[in-house]
Amino acid sequence: MVIIILSFLLLTRAFAQKNTGDFCIMKGGNPGICTELSQCTIIDQQLQNGTLAVARCGWAGFLPIICCPLSSQDISTETLRERSGAKPKVTMHSMFSTSTPLVVPGATKLGLLAMQMCTLYTKSVYTLVIPPILAGDRKPVNTSLCLSKSQKLIVGGTKAEPKEFPHMVAVGYNTGSGIDWGCGGTLVSESFVLTAAHCTFSSNSGFAEWIRVGDLNLRQTSDDAKPQDRKIIKRIHHPSYQASSHYHDIALLKTDIPVNFDSWVRPACLPTARSLEYTGKAIATGWGKVDWNDEEGSNTLLKVTLPVMPPGTCNQTFNGNTINSKLVYGIVDDWQICAGEEGKDTCQGDSGGPLVIPDAANDCMYNVIGVTSVGRLCGTIIPGVYTRVYYYLSWLEEEIWG
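Quick note on numbering: the sequence shown equals residues -16 to -1, 1 to 386 in mature numbering (1 follows the signal peptide of the UniProt record, and there is no 0).
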């Protein structure tokens, strides 16, 4: 081990300190995760053979932290590049082009990048924790940061638990007295938030200017939440969106500075197959109004499990309703999802917020299948209408990682 660490010192240069679990880029441009050398078997072996120069992240005491590849194919590509002297141009697409594809039934080629990013973001669920000093074995333990791996669907609307929905975002507008957190959103990468297109501008407060992640109660500061506020520098509507209708009501917000992933902050995954959007139940979250008599939304994040409604049934509930003026084609199944039942829904004020289902392949991750577009009229039989995220996958991949 001493020889390996000495070799490690000789093979690496000055660097900016990173911690275990942080994202990193290997020498050849492939993505990796900062990991203690002893826990990255493939790099450890290559160092013993003297066949690889290592991208270093930092130190954990006297133990080196290195950039560990996401797949064995990544390390093979790294070695070939070193021997040939090639220095390829690094882009988000080239970073993942040599990774072993993840096979999901029903997924199309356009969804492979979203799947790979979901797998990459899943790494932020875990961190290496050193046991207490009294413990006999002080070797770091890979520990999950998520609330629970076996959360049951919520039977009725209730308060969310701390860290339960780390992808949840509040979207804010500047007012004369501060920031009005008037819409919701979903964190989908370090720098992008998914929301409704109509949330990018408020007739009362102007353009959306801020996002907040990592919070549970928007007013309380005495809890252990770790909110991060970021300035919005770009608002990207889907090209087909028109303010006069509820169709294609989807947008991205780009932040000035990437957010930091931790136990409170983690992206949701994009759905990569239509089959993921089963007609069962999904979870909606938000700080929206809980009743029409409320002047403001709830300060505490709320959650509710909703049944996904067939489009035909949904269309029947909108007959003769004033909302129909912005739904001239009715509910279009390719573009929209209906969810909700009387007495249970996100109500007004949750525009832009997520409709999610647990990700079956990755612990503690969610798939965002819908964006709240038309909040249900509280106390009525009219369901909520959500923009179907899967239909816009190609556009989202290009804007976020293209």
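Heads up, the beta-carbon is just placed ideally off N, CA and C, and yes, glycines get one too.
The structure presented is a predicted model; accordingly, all values stated were derived computationally and were not measured.
The residue among Val355, Leu104, Tyr376 with its C-alpha nearest the C-alpha of Gly270 is Val355. The count of Cβ pairs closer than 8 angstroms, one atom from the segment 236 to 251 and one from the segment 307 to 319, stays below three, leaving the stretches out of contact.
The closest CA to that of Pro255, considering only Ala98, Ala39, Ser22, is found on Ala98. Scanning its chain for C-beta atoms nearer than 8 angstroms, with the 5 sequence neighbours on each side dropped, one finds around Cys52 the residues Gly16, Ile17, Cys18, Thr19, Gln23, Cys24, Ile26, Ile27, in chain order. In terms of CA proximity to Asp233, Ile321 leads the group Ala257, Trp165, Ile321, Glu148. Glu381 counts as buried, since no fewer than 16 other beta carbons sit within 10 angstroms of its beta carbon. Pro211 is positioned such that its CB atom lies closer than 9 angstroms to that of Trp248.
Under DSSP, no beta-bridge partner is assigned to Met349.
Contiguous beta strand (DSSP E) elements confined to the segment 143 to 202 occur at 152 to 159, 162 to 171, 176 to 179, 190 to 197, taking only those with 3 or more residues.
Straight across, the Cα-Cα distance linking Lys287 with Leu200 is about 11 angstroms.
By the beta-carbon neighbour count (other beta carbons within 10 angstroms, threshold 16), Ala235 is buried. Sequence-distant Cβ neighbours of Tyr105 in its own chain, meaning closer than 6 angstroms and more than five residues away, are Pro251.
Straight-line spacing of the CA atoms in Tyr374 and Trp194 works out to 26 angstroms. Exclusion of the five residues before and after Pro291 leaves Lys265, Ala323, Glu325 as the residues of its chain whose Cβ lies within less than 7 angstroms of its Cβ. Cys51 has Cys18 as its beta-bridge partners, per DSSP. Closest option to Ala209, judged by alpha-carbon separation, among Val316, Phe149, Gly95: Phe149. If the five residues before and after Thr184 are omitted, its C-beta is found closer than 6 angstroms to the C-beta atoms of Ala192, Arg219, Ala235, all from its own chain and listed in chain order.
Of the candidates Ser173, Asn299, Met152, Ser173 places its Cα closest to the Cα of Gln100.
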